[in-house]
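Heads up, the thing below is written out as structure tokens.
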């Protein structure tokens with residue numbers, strides 16, 4: 001029987017989670033680091049010829065948070081529509097339910113863009129993309145949050161380097177801490193004993209280290225690497241839709257997350273109830289409502305040039 005950690009890294013787990021997955025939890029942090037993405041993307045688009053599209057690869061793209069962010073940046077009325085027309089985006093995820101959800105959302109929200117063929121969602125594992133993804137075929141690669149959600153991130157970075165053109169850029173973003181998961185992990189350790197290892201730290205912690213990010217990027221073949229740590233706070237409707245349905249959807253998303261499944265692995269039925277009660281109690285103690293819901297955390301953004 002596979003361990004909870006193995007399940008966490010499986011496409012099946014993320015397919016199950018897809019219906020409740022809220023990309024707002026990714027879109028909020030992504031929008032806060034747009035300064036690291038868009039100046040470089042805008043400059044590359046300005047230099048790109050009309051004859052050659054600027055190709056962007058997205059690894060572990062889930063249900064399309066990065067695509068949504070890029071679409072908003074180049075939307076009608078932004079003054080950057082002419083640049084957006086040069087873009088060609090390929091967003092991948094190893095969970096087919098995620099890419100199907102992303103495709104449907106794009107068709108519903110931006111039918112003209114969907115019909116243009118500029119954006120494609122493809123089910124593919126960033127750790128082993130295979131021959132369908134040609135060597136040195138993308139100008140920019142984004143791997144935001146992905147390092148903590150694949151079993152072999154080093155292999156993923158090597159694949160991304162393989163498909164990125166020399167002189168092309170990679171931008172990656174990783175959680176160092178996130179209060180939602182940290183609080184759940186802390187409650188779990190209180191139930192099992194304070195000496196219980198931190199599951200979240202085991203899965204995600206190393207990607208919160210700037211030096212680790214730099215070393216992995218360098219080993220994959222990137223140069224001129226920079227990394228920066230910064231704090232974020234997301235509140236209220238930055239997190240969920242401004243409705244009771246949105247709040248309930250966010251709660252379902254948190255409860256069905258493979259990360260929470262890892263935290264509850266090994267707990268008895270009674271201990272799982274204790275954990276849920278502890279999480280709910282913390283929300284009540286802090287008087288959390290839709291208007292006051294808050295997630296704090298620290299992020300590491302790293303970027304480099306394909307050597």
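Numbering (full-length UniProt numbering), first residue to last: 1 to 307.
Beta carbons are placed, not taken as given, at the ideal position from N, Cα and C, and that holds for glycine.
This structure is a prediction, so every number in the text was calculated from the model and none was measured.
Inter-residue spacing [alpha-carbon to alpha-carbon] between residue i and residue j
i: residue 196; j: residue 270; result: 18 Å
i: residue 168; j: residue 138; result: 7 Å
i: residue 189; j: residue 183; result: 10 Å
i: residue 47; j: residue 10; result: 40 Å
i: residue 108; j: residue 54; result: 25 Å
i: residue 299; j: residue 179; result: 12 Å
i: residue 103; j: residue 92; result: 11 Å
i: residue 6; j: residue 185; result: 18 Å
i: residue 194; j: residue 174; result: 26 Å
i: residue 84; j: residue 281; result: 47 Å
i: residue 39; j: residue 131; result: 31 Å
i: residue 268; j: residue 79; result: 56 Å
i: residue 181; j: residue 295; result: 10 Å
i: residue 44; j: residue 56; result: 11 Å
i: residue 208; j: residue 124; result: 26 Å
i: residue 272; j: residue 52; result: 54 Å
i: residue 14; j: residue 42; result: 32 Å
i: residue 12; j: residue 67; result: 23 Å
Identity of the residue in the options nearest residue i by Cα
i: residue 297; options: 259, 261, 262 and 234; result: 234
i: residue 301; options: 86, 34, 124 and 257; result: 34
i: residue 82; options: 114, 49, 145 and 108; result: 49
i: residue 127; options: 116, 165 and 148; result: 148
i: residue 16; options: 264, 257 and 276; result: 257
i: residue 263; options: 39, 208 and 192; result: 192
i: residue 59; options: 172, 36, 131 and 213; result: 172
i: residue 140; options: 229, 80, 165 and 31; result: 165
i: residue 206; options: 176, 63 and 41; result: 176
i: residue 265; options: 210, 216 and 198; result: 198
Spatial neighbours of residue i in its chain, beta-carbon cut-off 8 Å, leaving aside the 5 residues before and after
i: residue 135; result: 162 and 163
i: residue 307; result: 166, 221, 222 and 223
i: residue 210; result: 227, 228, 229, 300 and 302
heavy atom of the ligand ZN below 7 Å from residue i C-beta
i: residue 44; result: As for the ligand ZN, it is missing from this structure, which has no ligand bound.
CB contact check: residue i to chain C, cutoff 8 Å
i: residue 160; result: The structure shown contains no chain C, having only a single protein chain.
Contact under 8 Å by Cβ, residue i with residue j
i: residue 145; j: residue 160; result: no
i: residue 187; j: residue 278; result: yes
i: residue 97; j: residue 106; result: no
i: residue 18; j: residue 95; result: yes
i: residue 69; j: residue 31; result: yes
i: residue 121; j: residue 64; result: yes
i: residue 36; j: residue 303; result: yes
i: residue 61; j: residue 21; result: no
Cβ neighbours of residue i in the same chain (closer than 7 Å, five flanking residues each side left out)
i: residue 305; result: 167, 169, 222, 223 and 224
i: residue 118; result: 87, 88 and 89
i: residue 308; result: For residue 308 there is no data in the structure shown, the boundaries of the chain being 1 and 307.
i: residue 274; result: 191
6 Å CB neighbourhood of residue i in its chain, flanking five on each side removed
i: residue 325; result: The requested residue 325 does not occur in the structure, where the chain is confined to residues 1 to 307.
i: residue 152; result: 127
i: residue 8; result: 258 and 262
i: residue 214; result: 225 and 227
i: residue 231; result: 298
i: residue 212; result: 206
i: residue 150; result: 127 and 156
Closer than 8 Å is the cut-off here; do at least three beta carbon pairs connect the stretch 209-220 with the stretch 145-158? Touching, yes, given that three or more Cβ pairs across the two stretches are closer than 8 Å.
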